[in-house]
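Structure, as C-alpha cells:
Chains as they are written, first to last, in our numbering: chain B, 926 to 1338; chain U, 926 to 1338.
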C-alpha cells in the first residue's frame, strides 16, 4: 500500500527517467498514476538491463505502482481516449505528466476540453531542442572536477542526477499546481527543462556566484570533500571507507577515533591553522589526510568499523551493489522502506517503497510495475464509464489492448 | 516574485544542503519560508566559498527568497518563540522543516500545541546515526563505476546528488501532507533518511534488481552511456563534446551529421548487429566510437557545433562554470529563469529563480538570501502578533536579534 496522502489521478505519457520517476513519486504518495503507452510499448520499454523474458528491469523499476493503459496512439480514436482520460474526473483528475510533446496533447487543446487542466511537460532545453542528462551535465562544469577530471579527460557521472532532480521538481510542481487549483480553481501549463534544472542548481549551490564574483571554478580535488575535511582511505584488507569531518563534532570524533590528537595539534601549530574551523581543515586537507592514512592502512575493516562506530564517526563503506544487497541491512526486509514484490515477467525481488516514513502509518510500500495494458479495461470502465460492449469494440478495432499484447510475454508467468 | 502557487508558511531549522534546498523549493513556489537561526549563525553560515566580507556564497545560494529569524536557541524563551512560530496560523501554517533533531522541536511536543502540525525531519540514517552525501554515496556502488572507478580507486561524485534528491523529496512530502491536511484535518510526522533516498533510488533505476536477479553489478565504462550509444569526443581545437544516440532518432541524426552511414553499415554487417536497437549499439560501443572519433578530431568546435545543430543531434559542450557564464545564453538574463539580484554582503549577481515555468505567469524569480535576523521583527509582529514593546524587550534580553548582529557585517553594505 502506498503512503496514501494524495487524492489525485495523473495520466503519464512518458519515456526515459525524469517523467517516469516523477510519476512514481506521485504514485508512492497515493496518486492513481495511469501510464499511457503505445500498444507493444514505447521507446524505452525494452531498455537494458533486461531479464531473459525481455522484461526491462529499468522500466519495471521506474514504473512500480502505476496502472498501465495500452492504446494505439497513431489512431485518432486512441488519442481521443487519452485526452478523455486526462480531462476526466473532478478535483482529483485533470493532470497530465509528460516528456513527449505532441500536438494532440498540447495544453491549449486539453484546456478546451477542461479549463482547469494541469499539464507538466519535461523538456530537454527550454527552446524545445533535445537534451539528456549526459549532454546537460557536461555544461555544468562538474565533469571537469569529478574524479580528478580535466578538459582533456572529463568524468561523466553515472548516476543520472539531473534526471532525478528534474523528476522530483516536476512532481513537486504538479502538487503545487493542484494545491493552487483547489484554492483558486485555476489550471496550469507547466514546463520544466532538464537544462534549467541543472543550471539553476549551480546558482543554488553557490557555484555560479563563485564563478561570477570570485572568478573561480571549483578546483578538481579528487575524493576530498570541498570546504571541509573528508576523504576515502584504504584498510589493511583492501577495503575502502569514506570518512567525513564536516561539522566540528564530526571532526573531533574522527580525530579521537584514530587517536591522532597530538599529531593533529602539531600540524595545526606548524601550519598556523585552527582546525576547529572547517575552512582551515580544507586548506590543510592533504597534510591532514597523510596523518590519517597509516591508521586505516594498518587495520582490517572489521577493526576500523568497530572503532569508527564506537566514536560515532560519520563514515561509509565503498561496495558494489551485489555486496550492498548481501551485507547491508538497510537494503533488506529489515528496512520497512523495502519489501519483496512479484513483478510480472521478472519474478520476486526486493523493491523500494516510499523513502518517506510517516509516524503511525504503515510503511509506504509500492506494488510492482504493470504489464503493458494490464489496466486498460478497468481504466476504461472506472474512469471513462464505458460498458463491456464499448470496451470490446475498442479491442476489436485494435484501438486498445490488454496484457496479452505485452511483447515480453510477461502475461504467461 | 516567486511563482506564487502556494499559500503556506514553513518554519525551517536547518543546516547543510538537503533541508535548506527543500525550503528554497517551497519558497520558489510561493511559500513563506522562515529560516530560524542561532544569533550569529548556525554551523554552516560561513561555509566556503565566501566573499571577502565573510558572507558565504553557499549559504546565500541555498537560502534565497526566505525570511530570517535570529534567536538565541539556547534560551527557553527563544525556543518557545520558535515553537510558537511553527504552530501559529491556520491552514497556511503549522509546518516545520528540519534536519536538526532536538527534543524541544520534537513532533509530539509540537503536536501538543497544535494537533495538526506537519513536521518533516531529514536524517542521515533512519536509525538516527549520522550520514552525509559522501558517506551514503559510497554504499551505492556508483563510485566504483564512475570515471573508470575501482575498489582501489573509487570516484566520488562532486555534485551532492543525494542531498538534492532528498531535498526535493522532502519538499514534495510536505506538500503531500499539506494536501492531505486540507482534506482530512490530520497532521503528519514525516521522516526521511538520506541513506533511504539513495538506496531506494537503486531500486527505482533497476540497479538493485539487476544485482539481485542477474547477479550483476553495473560495469565501469567510463564516459560511455550505459545501454545505448553516447560518449565524449575531442575536437581539433582541444574542446570536448558529449553526444548521445539513445533514441533511434538521436542515433540516426548523429550518424548522418558525421556522414559515416556507410562505415556504420559495414560495422553492423561485420559484427552481425542491428544498430537500430540501442542494446546492439551499446554492445558495439567501442567499435562505434572508433568510427566517430576521426570526424570530431578533424574539426574545430565551431564546425562541429554547426553541423551537429543542423542535424538536430543531441549533444553538449564540456566547459567550466566561468566559461558557461560567459558564453552560454541559458545562464544569463536572456533566460527568464535567471535574474540579477542584490544580495546583502555579496553584491549584484546572476541568480536562479524557479526552473519551472508557468505559461501566462511572470517568471518565478527569487529574492536574495536575507541577512541573519533581517526579518526578526516583522515575523514577531506579523506571525506572533507581538507589539513593539514586547519585541523591544526580546531584543533587550538578547533573546532575538536583528541584522545588526549578522557576523558578516553585511548590514553595512
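Positions of the beta carbon are idealized from the N, C-alpha and C atoms, including for glycine.
Notebook entry, point to check: If we ignore side chains and look at the alpha-carbon of each, how far apart do residue 1184 of chain B and residue 990 of chain B end up?
Noted result: Taking the first chain and counting its residues from 1, the one referred to as residue 1184 of chain B is at position 259. Taking the first chain and counting its residues from 1, the one referred to as residue 990 of chain B is at position 65. Straight-line Cα distance between these residues: approximately 50 Å.
Item checked: Closer than 7 Å at the beta carbon, the chain B residues around residue 1240 of chain U -> In the second chain, counting from the first residue as 1, residue 1240 of chain U sits at position 315. Within 7 Å Cβ-Cβ: 1060.
Notebook entry, point to check: Along chain B, which residues have their Cβ under 9 Å away from the Cβ of residue 1032 of chain U?
Noted result: In the second chain, residue 1032 of chain U corresponds to position 107, counting from 1. The answer, in chain order, is 1284.
Next item on the list: Check distances from the C-beta atoms of the stretch 1181-1202 of chain U to those of chain B and list, in chain order, the residues that come in under 9 Å.
Entry: 1202
Item checked: Option nearest residue 942 of chain U by Cα separation, candidates B/1171, B/1141 and B/988 -> Residue numbering aside, residue 942 of chain U sits at position 17 when the second chain is read from its first letter. Among B/1171, B/1141 and B/988, the Cα nearest to that of residue 942 of chain U is on B/1171.
Notebook entry, point to check: Could one say the Cβ of residue 970 of chain U lies closer than 8 Å to chain B's Cβ atoms, at least one of them?
Noted result: As a position in the second chain, residue 970 of chain U is number 45, starting the count at 1. It does not; no Cβ of chain B falls within 8 Å.
Margin query: Give the list of continuous alpha helix (DSSP H) stretches no shorter than 4 residues that lie fully inside the stretch 1119-1152 of chain B.
Written below: 1119-1129 and 1132-1138
Next item on the list: Could you please tell me which residues of the stretch 1100-1114 of chain U, in chain order, have their CB closer than 8 Å to any CB of chain B?
Entry: 1100, 1101, 1102, 1103, 1104, 1105, 1107, 1108, 1113 and 1114
Notebook entry, point to check: In chain order, what residues of the same chain lie with their CB nearer than 7 Å to the CB of residue 1059 of chain U, ignoring the 5 residues before and after it?
Noted result: Along the second chain, one-based indexing puts residue 1059 of chain U at 134. Around residue 1059 of chain U: 1081.
Note to self: Which residue marks the beginning of the alpha helix (DSSP H) containing residue 1035 of chain B, and which one marks its end?
What the structure shows: Walking along the first chain from the start, residue 1035 of chain B turns up at place 110. 1032-1038 is the span of the alpha helix (DSSP H), which, as asked, contains residue 1035 of chain B.
Note to self: Distance cutoff 8 Å, beta carbons only. Does residue 963 of chain B sit that close to anything in chain U?
What the structure shows: For this step, residue 963 of chain B is matched to residue 38 along the first chain. No, its Cβ sits nowhere closer than 8 Å to a Cβ of chain U.
Notebook entry, point to check: Below 8 Å, can you find three or more Cβ-Cβ pairs linking the stretch 1094-1102 of chain B to the stretch 1262-1274 of chain U?
Noted result: no
Next item on the list: Return yes when the Cβ of residue 1101 of chain U is within less than 8 Å of the Cβ of residue 946 of chain B, no when it is not.
Entry: Walking along the first chain from the start, residue 946 of chain B turns up at place 21. Walking along the second chain from the start, residue 1101 of chain U turns up at place 176. No, Cβ-Cβ distance for residue 946 of chain B and residue 1101 of chain U is not below 8 Å.
Next item on the list: Along the alpha helix (DSSP H) that carries residue 1308 of chain U, what are the first and last residues, could you check?
Entry: In the second chain, counting from the first residue as 1, residue 1308 of chain U sits at position 383. It is not in any alpha helix (DSSP H) - residue 1308 of chain U carries neither H nor E in the DSSP assignment.
Check: Counting contacts by CB-CB distance shorter than 8 Å, is residue 1116 of chain B in contact with chain U?
Finding: Working through the first chain from its first residue, we reach residue 1116 of chain B at position 191. It does; some Cβ of chain U falls within 8 Å.
Next item on the list: Compute the beta-carbon to beta-carbon distance between residue 1167 of chain U and residue 1091 of chain B, rounded to the nearest angstrom, for a pair I have assumed lies under 8 Å.
Entry: In the second chain, counting from the first residue as 1, residue 1167 of chain U sits at position 242. In the first chain, counting from the first residue as 1, residue 1091 of chain B sits at position 166. So it is not a contact: roughly 17 Å between Cβ atoms.
Next item on the list: May I have the straight-line CA-CA distance separating residue 978 of chain U from residue 1269 of chain U, to the nearest angstrom?
Entry: In the second chain, counting from the first residue as 1, residue 978 of chain U sits at position 53. In the second chain, counting from the first residue as 1, residue 1269 of chain U sits at position 344. So the alpha carbons of these two residues sit roughly 10 Å apart.
Item checked: Rounded C-alpha distance that separates residue 1222 of chain U from residue 1160 of chain U -> Walking along the second chain from the start, residue 1222 of chain U turns up at place 297. Walking along the second chain from the start, residue 1160 of chain U turns up at place 235. Looking at the two C-alpha atoms, the distance is approximately 5 Å.
Next item on the list: Please state whether DSSP places residue 1236 of chain B in a helix, a strand or coil.
Entry: Indexing the first chain from 1 puts residue 1236 of chain B at position 311. DSSP places residue 1236 of chain B in coil when its eight states are reduced to three.
Checklist line | Straight-line Cα distance separating residue 959 of chain U from residue 1290 of chain U | finding: The sequence position of residue 1290 of chain U within the second chain is 365, counting from 1. The sequence position of residue 959 of chain U within the second chain is 34, counting from 1. Their Cα atoms are separated by approximately 18 Å.
Note to self: Let's test the definition: count the other Cβ atoms within 10 Å of the Cβ of residue 1310 of chain U and tell me whether it reaches 16, buried, or not, exposed.
What the structure shows: If you number the second chain from 1, residue 1310 of chain U lands on position 385. When all chains shown are included, residue 1310 of chain U counts as exposed.
Check: Which residue or residues does DSSP assign as beta-bridge partners of residue 1023 of chain B?
Finding: By 1-based counting over the first chain, the position of residue 1023 of chain B is 98. Bridge partners of residue 1023 of chain B: B/938 and B/1046.
Notebook entry, point to check: How many angstroms separate the CA atom of residue 1271 of chain U from the CA atom of residue 1301 of chain U?
Noted result: By 1-based counting over the second chain, the position of residue 1271 of chain U is 346. By 1-based counting over the second chain, the position of residue 1301 of chain U is 376. Straight-line Cα distance between these residues: approximately 21 Å.
Notebook entry, point to check: Taking Cβ to Cβ, would you say residue 1086 of chain B is nearer than 8 Å to residue 1128 of chain U?
Noted result: In the first chain, residue 1086 of chain B corresponds to position 161, counting from 1. In the second chain, residue 1128 of chain U corresponds to position 203, counting from 1. In this structure, residue 1128 of chain U does not lie closer than 8 Å to residue 1086 of chain B by Cβ.
Checklist line | Length of the line joining the Cα atoms of residue 1316 of chain U and residue 970 of chain U | finding: Residue 1316 of chain U sits at position 391 when you count from the first residue of the second chain. Residue 970 of chain U sits at position 45 when you count from the first residue of the second chain. Roughly 25 Å between the two C-alpha positions.
Next item on the list: List the endpoints of the continuous beta strand (DSSP E) containing residue 1206 of chain B.
Entry: Walking along the first chain from the start, residue 1206 of chain B turns up at place 281. Element bounds for residue 1206 of chain B: not the beta strand (DSSP E) but the alpha helix (DSSP H), 1203-1208.
Next item on the list: Locate the alpha helix (DSSP H) running through residue 1178 of chain B, then write down its first and last residues.
Entry: Indexing the first chain from 1 puts residue 1178 of chain B at position 253. Counting along the chain, the alpha helix (DSSP H) containing residue 1178 of chain B begins and ends at 1173-1183.
Check: Going by DSSP, what residues sit across from residue 976 of chain B in a beta bridge?
Finding: By 1-based counting over the first chain, the position of residue 976 of chain B is 51. Looking at the DSSP assignment, residue 976 of chain B forms no beta bridge with any residue, so it has no partner.
Item checked: Whole alpha helix (DSSP H) elements within the stretch 1085-1118 of chain U, 4-residue minimum -> 1086-1109
Notebook entry, point to check: Closest Cβ-Cβ distance between residue 1297 of chain B and chain U: below 8 Å?
Noted result: In the first chain, counting from the first residue as 1, residue 1297 of chain B sits at position 372. Residue 1297 of chain B does not count as touching chain U.
Checklist line | residue 997 of chain B - DSSP class collapsed to helix/strand/coil | finding: Within the first chain, residue 997 of chain B is the residue found at index 72, counting from 1. In the structure shown, residue 997 of chain B sits in coil (DSSP, three-state: anything other than H, G, I, E or B).
Next item on the list: From the DSSP output, in three-state form, read off residue 1197 of chain B for me.
Entry: Looking up residue 1197 of chain B in the first chain gives position 272. If DSSP states are grouped into helix, strand and coil, residue 1197 of chain B belongs with coil.
Margin query: Are the CB atoms of residue 1035 of chain B and residue 1021 of chain B within a distance shorter than 8 Å?
Written below: Walking along the first chain from the start, residue 1021 of chain B turns up at place 96. Walking along the first chain from the start, residue 1035 of chain B turns up at place 110. Yes.
Checklist line | chain U contact residues for residue 1137 of chain B, given Cβ-Cβ distances below 7 Å | finding: Taking the first chain and counting its residues from 1, the one referred to as residue 1137 of chain B is at position 212. Ordered by position in chain U, the residues that pass the 7 Å Cβ test against residue 1137 of chain B are 1250, 1274 and 1275.
Checklist line | Given residue 1164 of chain B as reference, the closest of B/1131, B/1244, B/1148 and B/1110 once Cα atoms are compared | finding: Numbered from its first residue, the first chain carries residue 1164 of chain B at position 239. The shortest Cα separation from residue 1164 of chain B among B/1131, B/1244, B/1148 and B/1110 belongs to B/1244.
Check: According to DSSP, which residues form a beta bridge with residue 927 of chain B?
Finding: On the first chain, position 2 is the one that residue 927 of chain B refers to. BP columns for residue 927 of chain B are empty, so no partner.
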